[in-house]
Amino acid sequence: MRRLIKNGQCLVDGHLQVRDILIADDKIEKIGEHLTANVPVDQIIDAQGLFVSPGLVDLHVHLREPGQTDKETVRMGSLAAAHGGYTTIAAMPNVIPAPDTPERLKNMLALNQRDGAVHVVQYATITTDRGGDELVDMAGLKAAGAFAFSNDGNGVQTAGTMYQAMKQAAKLKLAVVAHAEDDSLTYGGVMHEGDVSKRLGLPGIPSVSETAQVARDVVLAAATGVHYHVCHVSSAATVQVIRAAKAAGVHVTCEVSPHHLLLSDEAINRDNAMLKMNPPLGSEQDRQALIAGLLDGTIDLIATDHAPHTDAEKAQSMLKAPFGITGSETAFAMLYTQFVKTGVFSLAQLINWLAVQPAKLFGLNAGKLAEGKPADITLFDLTTPYKIKATDFLSKGHNSPFIGEQVVGKTIRTVVSGQDAYVNKR
Ligand SMILES: NC(=O)N[C@@H](CC(=O)O)C(=O)O
Ligand SMILES: [Zn+2]
Ligand SMILES: [Zn+2]
């Protein structure tokens with residue numbers, strides 16, 4: 360099967376240029392100008408006026424299956440990813456049961472393979488059931504196909520446990536991907552501790568709960584040589600710790616989520632669970648530090664932390680509702696609209712953080728449009744405005760604070776291994 364994506368705008372050395380892309384089965388066969396004349400094809404896809412991007416890569420999603428399929432499933436979560444322009448996603452292990460044994464991991468890989476609309480790679484846990492201090496069989500999990508190790512949803516509370524995990528992961532050459540949160544510093548908070556939490560009378564989470572654990576971990580990472588990746592960095596002080604660690608040569612990388620770039624706690628003007636997530640939205644100064652961190656290379660990439668919950672759960676007060684918001688279907692358009700249209704980021708930078716870097720830093724064969732590479736390609740409309748609507752979401756979760764936003768950057772088509780994973784019916 361040969362398909363030709365014609366007359367799209369591709370990033371070439373950081374600038375948009377008209378290119379044709381010829382797909383043969385699951386690979387990109389050729390990229391060039393005016394490819395039609397000499398090649399027979401089965402289908403021509405008119406990409407005139409559209410941005411043709413490498414399929415986006417999301418290192419942080421929650422698919423909730425097995426165990427919480429009322430919130431999300433592999434099928435719907437991966438379709439949501441395709442709708443957002445993602446062609447590869449990495450699924451977090453806070454499911455029930457958690458992938459903490461080779462057998463459980465293999466079951467999840469089979470499910471991801473069967474139901475995934477995009478490529479789905481799978482994190483294994485660091486400790487049994489993501490709690491306590493009993494390390495998983497890391498070698499066995501690697502052999503079974505683990506992408507990396509993470510206890511996301513919770514921090515690893517004991518330094519000694521993290522140290523042993525890092526030593527083994529270093530030997531296995533897999534990353535330790537950390538949800539950094541010291542439980543002794545969170546005080547049952549539901550939002551960032553600061554002026555806004557005080558004004559609203561809601562219990563606050565001090566940002567030191569994140570920073571202190573990252574500071575501990577970069578020391579352990581330096582000692583073990585592991586690839587240590589920090590999830591959803593949210594505070595200025597954490598950015599500073601990572602900046603210093605990188606300068607000292609520690610193998611540390613990190614991600615920021617779209618919502619921490621787009622919103623601060625100042626957006627919380629009432630008890631609103633749509634703005635409750637972990638880590639919480641920081642101060643405006645934190646938000647500015649995250650943007651600066653991306654721009655100076657301290658922050659390596661953007662990952663959504665797509666965390667669907669049921670409508671009923673998120674209709675509750677911030678005191679009761681679970682932490683987390685969805686992100687797969689809004690990330691590109693929100694970031695493009697808020698940061699590229701306004702000149703804060705270039706389109707090439709945004710694609711670097713959403714596709715190129717996540718693939719490169721984790722050794723995924725993705726994130727790049729080139730001859731011989733997998734045909735994982737997304738077509739975006741960068742000009743027609745549209746409104747983000749919950750009824751357009753393919754995710755089972757509707758818990759997004761971006762519903763109602765007017766944006767540009769609509770996904771028109773998402774191609775995974777040469778096949779359509781999502782097509783917008785314009
Ligand atoms: N981010 C969140 O607020 N929630 C995530 C867990 C996590 O990413 O830590 C979830 O699984 O719901
Ligand atoms: Zn987390
Ligand atoms: Zn998460």
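In this text, residue positions in the sequence shown follow the numbering used here: the first is 360, and each later residue adds one. For glycine and all other residues, C-beta sits at the position ideal for the given N, C-alpha and C.
Going by C-alpha distance, which of the options is nearest residue i?
i           : options            : result
residue 327 : 438, 581, 513, 520 : What the structure shows of the chain is the stretch from 360 to 785, and residue 327 is not part of that stretch, so it cannot be assessed.
residue 590 : 535, 779, 765      : 535
residue 362 : 416, 385, 699, 526 : 385
residue 581 : 475, 522, 373, 431 : 522
residue 642 : 556, 429, 701      : 556
residue 784 : 776, 772, 778, 438 : 772
residue 484 : 446, 364, 703, 501 : 501
residue 681 : 548, 741, 761      : 548
residue 727 : 360, 380, 365      : 380
residue 769 : 760, 691, 762      : 691
residue 638 : 679, 594, 598, 675 : 594
residue 542 : 571, 364, 684, 446 : 571
residue 578 : 552, 664, 525      : 525
residue 574 : 537, 746, 424      : 537
residue 489 : 520, 383, 374      : 520
residue 437 : 429, 427, 426, 449 : 449
residue 717 : 685, 751, 446      : 446
residue 383 : 392, 369, 398, 372 : 398
residue 745 : 766, 762, 552, 474 : 766
residue 389 : 777, 747, 730      : 730
residue 791 : 584, 479, 546      : No answer is possible for residue 791: it lies beyond the span of the chain, which begins at 360 and ends at 785.
residue 439 : 687, 376, 647, 733 : 687
residue 608 : 715, 550, 657      : 657
residue 460 : 661, 498, 423      : 498
Which of the three DSSP states is assigned to residue i in this structure?
i           : result
residue 717 : helix
residue 409 : coil
residue 477 : coil
residue 695 : helix
residue 518 : helix
residue 606 : helix
residue 652 : helix
residue 615 : strand
residue 770 : strand
residue 564 : strand
residue 658 : coil
residue 366 : strand
residue 427 : coil
residue 437 : helix
residue 450 : strand
residue 379 : strand
residue 557 : helix
residue 725 : coil
residue 550 : strand
residue 666 : coil
residue 624 : helix
residue 731 : coil
residue 392 : coil
residue 459 : coil
residue 530 : helix
residue 403 : strand
residue 505 : coil
What is the C-beta distance between residue i and residue j, in whole angstroms, given that I count them as a contact (C-beta under 8 Å)?
i           : j           : result
residue 433 : residue 367 : Actually they do not touch by this definition, with Cβ atoms about 30 Å apart.
residue 421 : residue 667 : 7 Å
residue 401 : residue 360 : 6 Å
residue 614 : residue 568 : Not a contact, Cβ separation roughly 18 Å.
residue 503 : residue 464 : 5 Å
residue 486 : residue 495 : 6 Å
residue 720 : residue 612 : 5 Å
Checklist line | Around ligand 2, Cβ to any heavy atom closer than 7 Å, ordered along the chain | finding: The set, ordered by position in the chain, is 511, 512, 538, 590, 591, 637, 664.
Item checked: At least 3 beta-carbon pairs within less than 8 Å: the region 642 to 657 vs the region 749 to 768 -> Here the region 642 to 657 does not lie against the region 749 to 768, with fewer than 3 beta-carbon pairs under 8 Å apart.
Note to self: With three or more C-beta pairs closer than 8 Å as the rule, is the region 723 to 738 touching the region 459 to 470?
What the structure shows: With the cut-off at 8 Å, the region 459 to 470 and the region 723 to 738 do not touch.
Check: Taking one C-beta from the region 596 to 613 and one from the region 669 to 676 each time, how about it: are there three or more such pairs within less than 8 Å?
Finding: Not touching, per the Cβ criterion.
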